Amino acid sequence: MQIDIYNPDHYTGGIPHEQFAWLRANAPVYWHEHPDGGGYWVLSRHAEVVAVSRDFKTFSAQQGFVMVDDMPPDILTMAQSQLLGMDPPHHGPIRRAVISRFTSRMLAALEPRVRQIARAVIDAAPCGEVINFVDDLAGELPTAVICSLLDIPEAMWPQIRRWSDLQTSGTDPDLGGTPEEVNQASVAMGTYGYELAAERKGRGGDDLITLLIDQEVEGRTVSELEFASLFVQLTVAGNETTRSLISSGMHELLQRPSLYRQLQEHPAGLPAAIEEMLRWTCPLHYFRRTATCDTTIAGQRIAEGDRVVMLYSSANFDESVFSNPLEFDISRDPNPHLAFGHGIHLCLGANLARLEARVFFEEFFRRFGPGIESVGAPVFIRSNLIHGFKQMPVRVSEAV
């Protein structure tokens with residue numbers, strides 16, 4: 001089989017399941033050529049992705065960051081200040097500082113605010129008109145939630161989404177821009193985060209920026225520069241993952257009306273359904289690690305400095321882990337998907353994303369009931385990194 005899972009064009013029809021299945025069966029540790037020269041190892045099975053995720057000493061997130069493409073030195077330095085691009089010992093203290101703001105108790109206290117935002121977003125949807133579910137519904141909630149948590153002025157919310165899209169979907173002609181524009185977006189977003197941190201440090205506010213910038217990490221407070229990189233990660237992840245989860249999850253339900261009705265009538269089933277939406281839609285196709293020494297993976301020799309790509313959207317359909325993986329099963333249990341990664345770099349906002357998705361569907365069912373119809377095929381983002389729609393035309397109508 002001809003294998004090319006780098007080309008973004010091969011993702012415009014969704015996950016390239018045929019190629020991924022061939023890799024799992026025939027070459028689970030596969031050397032893939034890179035168009036700029038050299039290459040990288042692709043891990044397609046669940047077991048190897050988990051093993052590399054856990055072994056942060058041998059497989060570094062920091063050396064080359066998490067994207068398969070090497071970055072310009074100035075952008076790489078800034079990216080390495082993000083939590084997802086840090087290795088221990090620097091990673092742990094800052095992660096603990098952030099995760100302390102996303103405990104189960106704090107998320108429970110946050111739920112009324114998330115529900116208020118969700119109701120406002122859903123109630124604003126025009127009835128009877130064709131709308132883009134991605135932008136008009138699924139994308140509005142996570143932007144509003146993360147920006148509210150950070151107390152970002154509402155006038156800046158569209159700019160936050162634009163910066164986020166540029167950094168995650170730069171290979172899509174409708175969403176991205178030139179490499180220079182993408183780099184400029186990263187710098188501009190980090191600069192804005194730095195300015196907010198400097199403005200609020202020591203002011204005693206209760207927004208997430210103030211709580212993080214004033215928190216002690218190993219006897220010192222987080223610096224404005226450290227927070228700038230953290231700000232980029234929080235805002236980008238807070239937008240992208242949840243938008244893809246909600247829109248792709250809704251699409252799968254619309255393709256299966258009986259499942260839609262089941263969840264509408266019994267919303268207690270939403271938590272398990274959302275786990276299956278995560279497995280099925282997997283908002284990120286991959287993240288990269290860099291080998292810190294000569295090693296082996298599943299018997300394959302890996303050289304120090306080699307790039308190793310963990311293919312989450314293949315691991316989530318591994319036949320040795322998931323029975324009938326190509327069946328969308330909203331009661332699947334167990335469901336050890338890797339949509340949020342694994343190990344020390346497990347997504348910080350995983351439970352916030354789950355909360356937002358659950359509340360969104362509860363409120364959507366309340367407002368519209370069965371009153372939603374697909375009026376055209378969705379269009380995927382052209383990206384080998386982001387798995388999600390950029391267009392999903394639907395029409396909503398009042399619940400009877």
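For the sequence shown, the positions run 1 to 400 when full-length UniProt numbering is used. Virtual Cβ for every residue (Gly too), placed ideally from N, Cα, C. These figures come from a predicted structure and were not determined experimentally.
Check: Would you identify the three-state DSSP class for Gln116, choosing helix, strand or coil?; Outcome: helix
Check: Which whole-angstrom value describes the C-beta separation of Ala357 and Gly249, a residue pair presumed to lie in contact below a C-beta threshold of 8 Å?; Outcome: 7 Å
Check: Looking only at C-alpha atoms, which of Glu398, Val396, Val379 sits nearest to Asp174?; Outcome: Val379
Check: Quick one: what's got a C-beta closer than 7 Å to Met392's C-beta in the same chain, skipping five residues either side?; Outcome: Asn132, Phe133, Val134, Ser247, His251, Pro378
Check: Which two residues bound the contiguous beta strand (DSSP E) that contains Arg301?; Outcome: 300-302
Check: Just reading off the alpha helix (DSSP H) that Met250 is part of, what are its end residues?; Outcome: 224-255
Check: May I have the straight-line CA-CA distance separating Ala268 from Arg366, to the nearest angstrom?; Outcome: 14 Å
Check: State the Cα-Cα distance for the pair Arg307 and Phe56, rounded to the nearest angstrom.; Outcome: 14 Å
Check: Quick check: the Cα distance between Glu199 and Phe227, rounded to an integer number of angstroms?; Outcome: 12 Å
Check: Using 8 Å as the threshold, is the C-beta distance between Ile274 and Ala291 below it?; Outcome: no
Check: Assign Met86 to one of three DSSP states: helix, strand, or coil.; Outcome: coil
Check: Excluding the 5 residues flanking Ser229 on each side, which residues of the same chain have their C-beta closer than 7 Å to its C-beta?; Outcome: Met78, Ser81, Gln82, Gly190
Check: So Thr235 packs on Pro283, CB below 8 Å; how close in whole Å?; Outcome: The Cβ separation is near 15 Å, so there is no contact.
Check: Which residue or residues does DSSP assign as beta-bridge partners of Arg307?; Outcome: Thr290
Check: Taking contact to mean 3 or more Cβ pairs, one atom from each stretch, closer than 8 Å, check whether the stretch 318-327 and the stretch 82-100 are in contact.; Outcome: no
Check: Less than 7 Å between C-beta atoms, sequence neighbours within five positions excluded: which residues of the same chain meet that for Gln62?; Outcome: Gln80, Gly85, Met86, Asp87
Check: With H, G and I counted as helix, E and B as strand and the rest as coil, what does DSSP make of residue 406?; Outcome: The structure shown has nothing for residue 406, since the chain only spans 1 to 400.
Check: Residue ranges of each alpha helix (DSSP H) run of no fewer than 4 residues wholly in the stretch 35-66, ordered along the chain?; Outcome: 46-54
Check: Determine the contact status of Arg243 and Gly139, defining contact as a CB-CB distance below 8 Å.; Outcome: yes
Check: Could you pull the start and end residues of the beta strand (DSSP E) that Gln2 belongs to?; Outcome: Premise fails: Gln2 is in no beta strand (DSSP E) and is neither H nor E.
Check: What residue range does the beta strand (DSSP E) around His32 cover?; Outcome: 29-33
Check: If we call anything under 8 Å between Cβ atoms a contact, is His345 one with Tyr312?; Outcome: no
Check: Given this structure, state the Cα-to-Cα distance separating Phe65 from Phe287, to the nearest angstrom.; Outcome: 9 Å
Check: What residue range does the beta strand (DSSP E) around Thr281 cover?; Outcome: Thr281 -> not in any beta strand (DSSP E); alpha helix (DSSP H) instead, spanning 270-281.
Check: Could you check what DSSP says for Arg354 in three-state terms: helix, strand or coil?; Outcome: helix
Check: Which same chain residues, not among the five before or five after Gly202, have their C-beta less than 6 Å away from its C-beta?; Outcome: none
Check: Beta-carbon within less than 8 Å of Lys390's beta-carbon, same chain only, minus the 5 sequence neighbours each way: which residues are those?; Outcome: Val134, Ser169, Asp172, Asp174, Leu175, Val379, Phe380, Ile381
Check: Quick one, are the C-beta atoms of Ser397 and Phe368 less than 8 Å apart?; Outcome: yes
Check: Return the CA-CA distance between Arg113 and His90, expressed in angstroms with no decimal places.; Outcome: 33 Å
Check: Mapping the DSSP letters down to three states, classify Ser397 as helix, strand or coil.; Outcome: coil
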